[in-house]
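> Per the UniProt record's numbering, the sequence shown starts with residue 1, numbered consecutively. We put the CB at the ideal spot given by N, CA and C, even for glycine. Predicted model only: the values in this text are computed from it and were never measured. Following this message is one structure expressed as structure tokens.
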Amino acid sequence: MSGGENLKRILDQICRDKGIDRTLLVDAIEEAVRSAVRKKFGGRRDIEVQFNEELGEIEAFQYRTVVDDVWDEDTEIHIDDARVLDPDIELEDDLGEKMENIADLGRIAAQSAKQVIIHRLRDAEREVVFDMFRDREG
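Pasting the structure below:
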């Protein structure tokens with residue numbers, strides 16, 4: 001079983017066990033990974049994190065603005081470097097690059113991600129219980 005299939009199976013199992021909507025769980029994981037990536041690589045970067053359902057993987061992308069004169073490498077990329085990645089790119093466009101090294105976020109960033117997931121799961125569980133008892137109010 002591949003890592004992606006394993007992650008999808010784990011997500012499905014958690015949703016069944018906790019009675020939580022899968023979308024909510026995926027959102028929590030994406031938020032946690034986004035937080036961990038920002039902690040490791042710096043908070044000024046424009047980071048987008050997505051769960052790729054087909055591959056069963058979490059993917060992170062960094063977006064930088066294409067410029068002629070780079071002042072901040074975290075948020076800008078030179079037009080010549082950008083055209084190596086995308087020949088049709090123009091000045092002031094945003095270029096998204098897949099971040100390949102997110103698997104090694106480090107202990108502190110991983111711990112932060114874990115806390116975000118736990119917090120969001122607890123909130124979701126409370127909501128499920130609240131919804132169960134809301135119908136019984138009388």
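So Asp74 and Arg44 are supposed to be a Cβ contact under 8 Å. How far apart are they, rounded?
5 Å
> Is Ala103 helix, strand or coil when you go by DSSP?
coil
> At the level of alpha carbons, what is the spacing between Glu100 and Asp27?
20 Å
> Using the C-alpha atoms, what's the distance from Arg34 back to Gly19?
Gly19 and Arg34: Cα-Cα distance of roughly 25 Å.
> Using 10 angstroms around the beta-carbon of residue 198, count the other beta-carbons present and answer buried if the total reaches 16, otherwise exposed.
It is not possible to answer for residue 198, since the shown part of the chain is limited to 1 through 138.
> Kindly identify the DSSP beta-bridge partner or partners of Phe61.
Answer is Glu48, Lys98, bridged to Phe61.
> Just tell me which of Glu76, Glu30, Glu97, Leu11 has its CA closest to the CA of Gln115.
Residue nearest to Gln115 within the set Glu76, Glu30, Glu97, Leu11 is Glu30 (criterion: CA-CA distance).
> Considering Cα atoms alone, identify which of Ile117, Ala110, Leu91 is closest to Ala36.
For the options Ile117, Ala110, Leu91, the alpha carbon positioned closest to that of Ala36 is the one of Ala110.
> Contact defined as beta carbons within less than 8 Å: I believe Val49 pairs with Ile58. What is the distance between those atoms, to the nearest angstrom?
6 Å
> Can the beta-carbon of Phe61 be found less than 8 Å from the beta-carbon of Glu97?
yes
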